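Residue numbers for the sequence shown follow numbering that gives the first Met the number 0, so the first one is 0 and each next one is one higher. All residues carry an ideal CB built from backbone N, CA and C; glycine is no exception. None of these values were measured; they are calculated from a predicted model.
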Amino acid sequence: MTITSKNPTHLTGVPATLFISLRARCLESLDPKGIIKDERSVDIARALGCDITPGSESFFTQVGTAQRTVVFNDYTNDFLSRYPDGTVVNLACGLDTRFERLDNGQVRWFDLDLPELINIRRRFFKEGERYHYIEKSALDFSWLDDVPKERPVFITAEGLSCYFTEEQMRELLTRVAEAFDFVEFAIEAISPFMVQHTNKHPSMKGQEAQFKWGIKTGREIEDWNTGFHFVSERYFMLECKKRTLSIRFMCLFPFFGKSMKIFLLRKGE
């Protein structure tokens, strides 16, 4: 298919933002200096007719998304090193390719997203004995009943929490903690500063979706008394400092360097 559009589908609002991540992963994969090589995403983008020509996405978004991918890979692989046959739930999976990249032959994996997004995924990823779809919103808590409880569970929320309100995040964490005896939850979050300046984010210009919630550090979650405790945190833009002089310079300013983080929460053991 000819590459023509930044959004080659009927998707609007938050669902349409999946193309920001897809395009960024593709551009990084095609960049000789890229830190990830996700050829599957490139194939998907081209099949959909998504514009992945150089410059079609902000370079900061490209680099940040790539490093975010690395951090989520690290957290997921760490969990699987301890619980090889554990269960992974990828909330708001979009067109993410993580299962294909990290499958260890034992993990049971659930990709969750809205039905209209899962319909697109089905063109490229087939369910199997250990790989399943959940066609629901992350805020439709009946999905908790779809996930088996007998194994340790690892949940990821990448590019999701910023579109929720604080009240929705509190309820999500509380419900998850109540549902599982042992669960780890890796969450990407932006800063309150970024929430106040959604339209200044280069990749959010022209998007219907708006940022709603941010947090300075994942440590603040412990004060919510949801049942989770804070384990660790990585400010992934700070990990990009060696990439270019411009990023190194911008990271001198906390509003940029600490604007995005991924933190790990745990309940049990």
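Nearest-angstrom Cα separation, counted from residue j out to residue i
i: proline 14; j: alanine 46; result: 18 Å
i: tyrosine 130; j: aspartate 110; result: 8 Å
i: phenylalanine 78; j: arginine 107; result: 13 Å
i: glutamate 268; j: glutamate 177; result: 15 Å
i: alanine 44; j: arginine 97; result: 16 Å
i: aspartate 95; j: leucine 101; result: 12 Å
i: glutamate 38; j: lysine 32; result: 15 Å
i: glycine 226; j: aspartate 50; result: 43 Å
i: aspartate 30; j: tryptophan 142; result: 37 Å
i: lysine 148; j: aspartate 180; result: 8 Å
i: phenylalanine 229; j: leucine 244; result: 33 Å
i: phenylalanine 123; j: glutamate 99; result: 11 Å
i: leucine 263; j: serine 231; result: 5 Å
i: glycine 127; j: cysteine 250; result: 43 Å
i: tyrosine 132; j: glycine 93; result: 11 Å
i: leucine 21; j: alanine 156; result: 16 Å
i: isoleucine 116; j: valine 88; result: Sequence inspection shows leucine at residue 116; the isoleucine mentioned does not correspond to that position. Rounded to the nearest angstrom, the two C-alpha atoms are 16 Å apart.
i: serine 136; j: valine 182; result: 19 Å
i: isoleucine 272; j: glutamate 238; result: Because the chain here runs from 0 to 268, residue 272 falls outside it and cannot be looked at.
Residue burial classification, residue i (beta-carbon count within 10 angstroms, cutoff 16)
i: threonine 52; result: exposed
i: threonine 1; result: With a pLDDT of 48 at threonine 1, under the threshold of 50, the modelled position of this residue cannot be trusted; read the value that follows with caution. By the 10 Å Cβ count, threonine 1 comes out exposed.
i: glycine 12; result: exposed
i: arginine 247; result: exposed
i: glutamate 56; result: buried
i: glutamate 187; result: buried
i: glycine 213; result: buried
i: serine 28; result: buried
i: lysine 215; result: exposed
i: leucine 17; result: buried
i: aspartate 84; result: exposed
DSSP-derived helix/strand/coil call for residue i
i: aspartate 68; result: According to the sequence displayed, residue 68 carries threonine and not aspartate. Note: threonine 68 maps to helix in three-state DSSP.
i: phenylalanine 109; result: strand
i: threonine 1; result: Residue confidence is low: threonine 1 scores 48 on pLDDT, short of 50, so the model does not pin down where it sits. Its coordinate-derived value is still stated next. Residue state, collapsed to three classes: coil.
i: glutamate 221; result: helix
i: cysteine 250; result: coil
i: glutamate 115; result: helix
i: leucine 10; result: coil
i: phenylalanine 227; result: coil
i: arginine 265; result: strand
i: lysine 240; result: coil
Residues that residue i bridges to, as DSSP identifies them
i: arginine 22; result: Paired residues: none, contrary to the question.
i: methionine 259; result: Ile189
i: glutamate 338; result: No information on residue 338 is available, as it lies outside the stretch 0 to 268 that the chain covers here.
i: isoleucine 232; result: Contrary to the premise, residue 232 reads as glutamate rather than isoleucine in this sequence. DSSP lists Phe262 as partners of glutamate 232.
Beta strand (DSSP E) runs contained entirely in the segment 122-210, provided each spans 3 or more residues: Entirely contained in the segment 122-210, the beta strand (DSSP E) runs reaching 3 residues are, in chain order, 130-134, 152-156 and 182-189.
At which residue ranges does the segment 73-110 contain complete alpha helix (DSSP H) runs of 4 or more residues, listed in the order of the chain? Runs of alpha helix (DSSP H) with 4 or more residues, each lying fully within the segment 73-110, are found at 97-101, listed in chain order.
Which ranges does the alpha helix (DSSP H) cover as unbroken runs of at least 4 residues, wholly within the segment 31-65, from first to last along the chain? DSSP runs (the alpha helix (DSSP H)) wholly in the segment 31-65: 38-47.
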